[in-house]
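What follows is a short report on a single structure.
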Amino acid sequence: LFNSATNLLVNLLRFNCVNVARVNQKKKYKNFTDGILYQAPWGKHNPLSWRLHHETKATMGKFDQRDFLPIVMVKDPITWMSSMCRHPYEARWPHSREHCPNLVPNKVDRRRRTGSSTIGLQVKFATRHYGDEPIPDSSNKTFIPYKSLVDFWNVWYHEWYDATFPRVMIRFEDLLFHAEETVAKVCTCWGGTMRRDFRYVKNSAKGQQGPHAGSAGFLASLITYGNSTLRNHGILTDKRDVKYARENLDEELMTEFGYAMI
Numbered sequence: 052l053f054n055s056a057t058n059l060l061v062n063l064l065r066f067n068c069v070n071v072a073r074v075n076q077k078k079k080y081k082n083f084t085d086g087i088l089y090q091a092p093w094g095k096h097n098p099l100s101w102r103l104h105h106e107t108k109a110t111m112g113k114f115d116q117r118d119f120l121p122i123v124m125v126k127d128p129i130t131w132m133s134s135m136c137r138h139p140y141e142a143r144w145p146h147s148r149e150h151c152p153n154l155v156p157n158k159v160d161r162r163r164r165t166g167s168s169t170i171g172l173q174v175k176f177a178t179r180h181y182g183d184e185p186i187p188d189s190s191n192k193t194f195i196p197y198k199s200l201v202d203f204w205n206v207w208y209h210e211w212y213d214a215t216f217p218r219v220m221i222r223f224e225d226l227l228f229h230a231e232e233t234v235a236k237v238c239t240c241w242g243g244t245m246r247r248d249f250r251y252v253k254n255s256a257k258g259q260q261g262p263h264a265g266s267a268g269f270l271a272s273l274i275t276y277g278n279s280t281l282r283n284h285g286i287l288t289d290k291r292d293v294k295y296a297r298e299n300l301d302e303e304l305m306t307e308f309g310y311a312m313i
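First residue of the sequence shown? That's 52 in my numbering, and the numbers climb one at a time after it.
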């Protein structure tokens with residue numbers, strides 16, 4: 052999902068984990084020698100239901116998607132919503148610096164004529180295809196509606212939580228504060244071997260170009276997420292947003308991933 056540290060995970064794995072069996076078969080795997088892809092073959096941020104119904108250009112026809120082990124990054128929905136305000140990527144909804152995250156319209160939003168009890172959003176994903184249908188070209192996109200940022204987080208992650216095939220789900224916070232231990236477990240699960248000296252990603256794993264401009268680096272992230280008492284500081288500032296989040300964040304997901312209700 053956008054803003055969940057997928058780039059950080061890929062970089063940490065590539066820096067620190069090696070699959071010797073794959074490296075020794077470079078001719079067979081060619082561009083996929085290390086076995087670590089920066090995105091799932093059905094698209095980096097596409098919902099789980101895109102699996103087996105979409106192919107990225109880079110991986111098209113290269114391997115069976117059922118042989119791919121997905122690693123899903125999960126982030127505290129409160130801080131994730133704050134990140135979405137700074138970097139919305141392909142999510143579109145009416146918001147402003149005065150009110151974001153904005154779950155329930157207030158005076159600021161009513162001036163923008165939202166006309167709804169919640170602030171809905173549209174998220175642009177690649178278009179799925181089925182069976183023998185032609186694979187859509189890169190300009191063919193589908194917009195999926197969600198009732199709010201909270202609904203987007205709930206729906207997107209619950210698909211993965213309910214999946215019946217092997218997958219790995221990692222909390223961003225564990226990767227940030229326990230990077231070496233977390234990466235080692237993922238590396239072992241995947242059949243890799245850890246390198247002797249662990250290498251961290253000090254600058255923003257996203258880079259600073261285009262939509263990634265202003266992304267936080269390692270030290271800034273430690274400061275931002277290291278104090279639990281500041282979890283909602285300056286994020287959900289309207290009591291109606293707090294009430295909506297408390298009543299609508301998926302309790303099962305929050306409990307499973309150890310996130311306290313706001």
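Just so it is clear, CB atoms sit at the ideal spot from N, CA and C, and this is done for glycine as well. Remember, it's a predicted structure, so these values are computed and weren't measured experimentally.
Using beta-carbon positions only, say whether residue i and residue j come within less than 8 angstroms of one another.
i	j	result
Ile41	Ile313	Nothing can be reported for residue 41, as the shown portion of the chain is limited to 52 through 313.
Cys136	Pro156	no
Asp85	Arg102	no
Glu184	Ser100	no
Leu172	Arg143	yes
Val206	Asn299	no
Lys175	Phe194	yes
Val219	Ile122	yes
His96	Leu64	no
Glu224	Asp127	yes
Val159	Arg222	no
Leu304	Ala56	no
Lys214	Gly94	Reading off the sequence, residue 214 comes out as Ala, not Lys. Not closer than 8 angstroms, so no.
His104	Tyr181	yes
Leu59	Val252	yes
Thr67	Phe308	It should be noted that the sequence gives Asn, not Thr, for residue 67. Contact flag unset, no.
Ala296	Leu120	no
Val61	Ile87	yes
His150	Asp289	yes
Gly243	Val69	yes
His138	Asn54	yes
DSSP beta-bridge partners for residue i?
i	result
Phe249	Looking at the DSSP assignment, Phe249 forms no beta bridge with any residue, so it has no partner.
Arg222	Val125
Lys108	Answer is none; Lys108 lacks a bridge partner.
Cys68	Met245
Ile87	Beta-bridge pairing links Ile87 to no other residue.
Tyr197	Leu172
Lys192	Ala177
With respect to the beta strand (DSSP E) encompassing residue i, which residues constitute its N-terminal and C-terminal limits?
i	result
Phe176	172 to 177
For the alpha helix (DSSP H) holding residue i, just list the boundary residues, first then last.
i	result
Phe203	200 to 212
Ala296	290 to 299
Leu304	302 to 307
Lys158	158 to 161
**Request:** Any chance you could list the alpha helix (DSSP H) runs of at least 4 consecutive residues sitting entirely within the segment 116 to 153, in chain order?
**Result:** 128 to 137
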